[in-house]
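Contents: one structure, followed by commentary.
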Amino acid sequence: MSDDLDDLIRRVDPDRWLSSRFIGDAGRRADVIAIYAYDHELARAPKVASNPLLGEIRLTWWREMLDEAYEGRHVRHHPTAQALADVIRRHDLPREPLEAMIDARYRELDATPMSKADAMALAFGTANSAAVLAIQVLGGAVEGSFASGWSAMWALSRLMADGRLASSAVSEALAEVSLSMAEARTVERRDVSHEAFPAVAHATLAPHYATGRRPTLFEKQLRLIWAVARGRI
289 MSDDLDDLIR RVDPDRWLSS RFIGDAGRRA DVIAIYAYDH ELARAPKVAS
339 NPLLGEIRLT WWREMLDEAY EGRHVRHHPT AQALADVIRR HDLPREPLEA
389 MIDARYRELD ATPMSKADAM ALAFGTANSA AVLAIQVLGG AVEGSFASGW
439 SAMWALSRLM ADGRLASSAV SEALAEVSLS MAEARTVERR DVSHEAFPAV
489 AHATLAPHYA TGRRPTLFEK QLRLIWAVAR GRI
């Protein structure tokens with residue numbers, strides 16, 4: 289099952305998949321991949337549903353899955369659901385970030401253009417929450433704004449490169465987060481341990497995406513190696 293999820297994330301989420309290659313422990317790497325697979329399933333809800341109601345049903349399905357996992361009940365038969373339930377139990381993951389990842393996707397069911405606040409809420413609710421969970425799996429702790437800020441910056445830059453959402457809202461949100469991180473960078477770069485750094489290493493690709501272009505695989509690999517070696521984005 290873990291190999292199947294790893295192959296899935298390699299295809300649909302190559303940035304975070306590449307970052308996960310720097311996780312030395314194979315078991316913890318698979319656990320982090322399960323979190324990314326959960327994020328992928330939630331992201332699919334607004335995309336594959338033919339109308340908002342069906343999208344809500346898909347998101348509710350995952351909320352009910354969390355009920356099963358946290359209440360110790362049998363978890364529905366789905367590879368990502370079962371893998372995530374195992375990760376929740378093994379690492380005593382808090383429910384709040386997992387719920388936040390669901391809540392953030394509801395805004396995408398609304399066809400009206402997003403504001404800057406909407407774009408930031410989406411980025412922090414999804415990428416930040418996933419980073420917080422991944423850091424916990426890797427034995428780290430999140431302090432200050434380092435992990436959340438960089439993870440949100442990566443998510444916003446991806447939205448810009450993908451051409452999703454209103455470009456003005458995304459660019460304004462990205463500019464605000466970028467300024468915040470530039471001010472905090474030297475003070476807070478040590479807030480993520482070496483072991484947990486792969487949970488946020490992919491954020492080093494954000495400057496590439498912010499220019500509106502996609503970096504090549506070789507560029508991604510070089511930037512990730514350099515970021516992990518320094519322990520800095």
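Last residue of the sequence shown: number 521 in the numbering used here, and the count goes up by one each step with no gaps.
Idealized CB from N, CA, C, for every residue including glycine.
Check                                                                                                                                                                          : Outcome
CB-CB under 8 Å to Ala409, same chain, minus the five flanking residues each way: which ones, in chain order?                                                                  : Ala392, Arg395
Look at the alpha carbon of Ala331 and the alpha carbon of Asp313, and state the distance between them as a whole number of angstroms.                                         : 27 Å
Would Ala411 and Leu381 qualify as a contact pair, given that the criterion is a beta-carbon distance under 9 Å?                                                               : no
Do the region 313 to 325 and the region 365 to 378 meet, that is, are 3 or more Cβ pairs less than 8 Å apart?                                                                  : yes
Cα-Cα, which of Pro302, Trp350, Leu426 is closest to His366?                                                                                                                   : Trp350
From the DSSP output, in three-state form, read off Thr504 for me.                                                                                                             : coil
Count the other C-beta atoms from every protein chain shown that fall within 10 angstroms of the C-beta of Phe485, then say buried if there are 16 or more, exposed otherwise. : buried
Determine the DSSP secondary structure at Ile521, reduced to helix, strand or coil.                                                                                            : coil
Compute the Euclidean distance between the alpha carbons of Met402 and Asp291, then round it to the nearest angstrom.                                                          : 36 Å
Between the region 504 to 513 and the region 336 to 351, can you find at least three pairs of beta-carbon atoms closer than 8 Å?                                               : no
With a 10 Å radius around its C-beta and 16 neighbouring C-beta atoms as the bar for buried, classify Glu384 as buried or exposed.                                             : exposed
Following the continuous alpha helix (DSSP H) through Ala325, name the residue where it begins and the one where it ends.                                                      : 314 to 336
Over the uninterrupted alpha helix (DSSP H) stretch that includes Met389, give me the two end residues.                                                                        : 383 to 394
Measuring alpha carbon to alpha carbon, tell me which of Asp327, Gly427, Ala419 ends up nearest Ala489.                                                                        : Ala419
Determine the DSSP secondary structure at Pro401, reduced to helix, strand or coil.                                                                                            : coil
Could you tell me whether any non-hydrogen atom of the ligand COA is closer than 8 Å to the CB of Ile390?                                                                      : In the structure shown, the ligand COA is absent, as is every other ligand, since no ligand is present at all.
Please report the Cβ distance between Trp305 and Arg298, rounded to the nearest whole angstrom; I am assuming they are in contact, meaning their Cβ atoms lie under 8 Å.       : 5 Å
Taking the C-alpha atoms as reference points, what is the distance between Met441 and Ala494?                                                                                  : 6 Å
Would you kindly work out how many angstroms separate the C-alpha atoms of Ile423 and Ile390, rounded to a whole number?                                                       : 19 Å
Under the rule that 16 or more other beta-carbon atoms within 10 Å means buried, what is Glu329, buried or exposed?                                                            : buried
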